[in-house]
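Read the structure below first, then the notes.
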Amino acid sequence: MGVTLERIMRGSFSQCLMRLSSLSIVCTPRLVDKRGGRIMIKQYFILVSIVCICLSIGSAEVSSTEVAGQFGPSLFVSRLSWSPDGNYLAVLVEDQERYVIAIYDSSLQPTAVIDSLPEADEGYDLSWNSSSTQIAVGIGGRQMSGKPITEVWDVTTSPPAQVLTYQDKSAADAGSVAVAWRPDHQQIVYADGKVDKVLNLDTGIVDYVLEDEARRPIFGLRWNPSGDYLAGISTAGLYIWESNSYTLAYTLLQDSVSVDAAWSSSGFYIAMSYRNSVRIWDATREDVITTLESPENITRISTVEWQREYVVATAITNAIPPENELLVWNAMTGELVNTISVAAIIRDIALHPTENKVVYGTESLTPVAVDILPSGCDPTQTISAGEVTGFINAINTANSNPDADVIGLETGTYTFTTAYLPLNALPAITSDITICSPEGATLTRQAGSPLFGFFEVSAGGNLTLENLTLSGGDVGNDTGGALVNEGGTVTLNNVTFTNNHANTGGAIDNESGSLTITNSTFQNNQATFGGAIDNDAGNMLSISGSTFTSNTADLDGGAIHNDGGTLTVMDSTFTSNTASRYGGALDNTGSATISGSTFSGNSASWSGGAIRNTNTLTVN
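Residues in the sequence shown are numbered consecutively from 627, following the working numbering.
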């Protein structure tokens, strides 16, 4: 029996229109046995039944209660998959031996159900196309030879419409245990338990058969974001094929059973579970570059997801009985930033493509969404909106306290008219201080005020800024228009720097120490060297998920002047930055590594419209 979608207003039926129709569709797929060189053609009929669609006047939603009511007591989520645009979540639900796909919107409200998967078989995998309009389903089970093993559904119709069904007589009994839709292409790769095949959706022909040297079964398939490389997960590790001719390009083997893997946003690095940790590999070098360590109570890592700078994994603890936790690392720094305990068995997870939230599935129909980052703004002191004097006093109090302090700023604008220290509106940071605002706060220097910036971090100081905007800082011929680091540790999360000015480092001068920047914005800042940031020799600067727009340098480095320091940039965007001499976006005289980033519309009068390099530069 099919699942009936009942659209109900306020819990009662208002009108029900019953339709019953049958469509006979003739399909003629050509099935290719690459090794034998044979082409087999067979016609078969698909019977599509549209059953009992109940409509209601004034309502267009399917409630969780209605969807759950169609299943038995053994219901649980088997697979989760976000669409690339983050607007839909596909949830593969198992009820005994029956599998159904529920489609949810981004707020996790159910919108549709795909219920006509072959009965008594198992839906193993889900994969979206790049436009988020269609989803491929890998169909597995027992004795699948000659049965449909891959289906494609259009989720933009109501109800979703099946647009392809594919069967392979040469497939192994397991059917399609994994499926992966190549980004921006009409190709689906599926694994049948013995070999992996590339199905051309335009022709219905298997174009390639993939094999690894050891012929190990592949149970998971992962495309990198550009669709250039396909990783196949086996018990021994990863086999990576390039997509031009689907030849084996790289082999990443481990001495422990591999469970899951996920590509970075840049598509050059891949995270793979390894016992109770996660290893990050440089795929092209076939080398582990870092290991994300777990707490001591973790015995095994199962599922792994990676979006932007965050890696999220499902972990099994050593408790009796074992418990599940979600571990969140910053892949840039290797730091474990959050641990989320879950009082249920986690069946699968899906990390949202654009937001810092993960959805997990348990023995329940409804998927659960949680933020992957702690709130970060649990203040020990709270400052009223615009209260500058109270802000200054809070920093002085925090500096005198040996413990870490969190200063919370209420939403509003904090306008400074005088400097507390020469060229600084606030006391120097000498201890461990986080300054944050749950909903955002702005620090600004009033026009016409004396020259000063906002923050100075002394040697040994540790400053974290979150959800703030720093605007209008000006230190004249000095350094760091909004912030100067003089030997401390600075971390910036979701901070915006606009219209700041200095001689060196229009927004920030990293004179000494380390500076880590995540999901931040630099716009319309200006300096002679480093329109937005100057990073001096011997210092560490890491940037991820950030944007640099319309920053200017009178001489070098319209956005960044890496003056002998070490610079890492990941998944960031540089647009319309300018320099009057060298390096419209970046002038590098130190060591710089750039991956997954975009440069457009940048310019320099002499050389290096986007980047000028005179030392060591690696671009992935």
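All C-beta atoms, glycine included, are put in the ideal place defined by N, C-alpha and C.
Below 6 Å CB to CB, which residues in the same chain sit around residue i once its five sequence neighbours on both sides are set aside?
i	result
Leu825	Ile814 and Val832
Trp932	Ala888, Ser890 and Ala897
Gly1247	No statement about residue 1247 is possible, as the shown extent of the chain runs from 627 to 1246 and does not include it.
Ser1226	Thr1201
Trp907	Leu878, Ile896 and Val914
Thr1008	Gly1034
Tyr730	Leu715 and Pro736
Leu1109	Phe1081 and Ile1134
Thr1041	Thr1070 and Gln1072
Thr1147	Thr1122 and Thr1173
Thr1219	Thr1194 and Thr1244
Thr1224	Thr1199
Thr1242	Ser1217
Indicate the three-state DSSP secondary structure (helix, strand or coil) for residue i in the structure shown.
i	result
Asn755	coil
Ala1153	strand
Ala1054	coil
Arg911	helix
Asp997	strand
Lys983	strand
Ala762	strand
His811	coil
Glu961	strand
Val803	coil
Val885	coil
Trp1232	coil
Val930	strand
Asp1197	coil
Thr776	strand
Ala1041	Before going further, note that residue 1041 is Thr rather than Ala in the sequence given. If DSSP states are grouped into helix, strand and coil, Thr1041 belongs with the strands.
Pro736	strand
Tyr876	strand
How is the alpha helix (DSSP H) around residue i delimited, first residue to last?
i	result
Phe1017	Val1014 to Asn1025
Drop a sphere of 10 angstroms on the beta-carbon of residue i, count the other beta-carbons inside from all chains shown, and report buried for 16 or more, exposed for fewer.
i	result
Glu724	Here residue 724 turns out to be Arg, not Glu, going by the sequence shown. The residue in question, Arg724, is buried, as its Cβ has 16 or more Cβ neighbours within 10 Å.
Trp1232	exposed
Ser1221	buried
Val930	buried
Gly1086	exposed
Thr1244	exposed
Pro1000	exposed
Ala1020	buried
Glu720	buried
Val688	Low confidence applies to Val688: its pLDDT is 45, below 50, so where it sits in the model is not reliable enough to give any reading.
Gly637	With a pLDDT of 25 at Gly637, under the threshold of 50, the modelled position of this residue cannot be trusted, and the question is left open.
Asn1125	buried
Arg911	exposed
Lys823	buried
Pro1028	exposed
Thr1068	buried
Ser733	exposed
So the candidates are the options; which of them puts its Cα closest to the Cα of residue i?
i	options	result
Thr737	Tyr714, Ser758 and Leu752	Tyr714
Cys1062	Thr1095, Gln788 and Leu718	Thr1095
Val963	Val938, Pro947, Gly987 and Asp974	Val938
Ala970	Thr1130, Ser1176 and Thr940	Thr940
Ala1158	Ile1134, Glu981 and Gly1139	Ile1134
Ser871	Leu856, Gly1107, Leu864 and Ala862	Leu856
Arg848	Ala1185, Asn982, Leu1118 and Ala804	Ala804
Tyr1046	Asp1031, Gly1079 and Gly1066	Gly1079
Gln788	Asn1022, Phe1081 and Ile727	Ile727
Ser1075	Gly1098, Asn1088, Pro1064 and Asn902	Gly1098
Tyr1208	Thr1122, Asp1182 and Asn1228	Asp1182
Asp780	Gly772, Pro774, Thr791 and Thr1006	Thr791
Gln1275	Ala957, Thr1117, Gly1107 and Leu1167	Residue numbering for the chain in the displayed model covers 627 to 1246; residue 1275 lies beyond these limits and cannot be assessed.
Ile1055	Asn1103, Val1101, Thr1117 and Gly1102	Thr1117
Gln1152	Ile1169, Gly1139, Thr943 and Gly1210	Gly1210
Taking residue i as part of the beta strand (DSSP E), name the residues at either end of that continuous run.
i	result
Asp731	Arg724 to Asp731
Pro1005	No beta strand (DSSP E) holds Pro1005; DSSP gives it neither H nor E.
Pro979	Where Pro979 is concerned, there is no enclosing beta strand (DSSP E), given that its DSSP letter is neither H nor E.
His1127	Counting along the chain, His1127 falls outside any beta strand (DSSP E), and DSSP gives it neither H nor E.
Ser1217	Ser1217 to Ser1221
Lys823	Asp822 to Asn826
Excluding five sequence neighbours on each side, which residues of the same chain lie with their C-beta closer than 7 Å to the C-beta of residue i?
i	result
Gly1171	Arg934, Glu935, Thr1144, Asn1145, Asp1197 and Ser1198
Gly960	Thr916 and Leu918
Can you find the residues in the same chain that come closer than 8 Å, C-beta to C-beta, to residue i, ignoring five residues on each side of it along the sequence?
i	result
Thr1105	Ala1128, Asn1129, Thr1130, Gly1131, Asp1135, Glu1137 and Asp1160
Gln880	Ala862, Gly863, Met898, Tyr900 and Arg905
Ala945	Asn923
Pro1053	Ile1018, Ile1021, Asn1022, Asn1025, Tyr1046 and Leu1047
Would you say residue i touches the ligand ATP, meaning its beta carbon is less than 7 Å from a heavy atom?
i	result
Gly1139	With respect to the ligand ATP, the structure offers nothing, as it holds no ligand at all.
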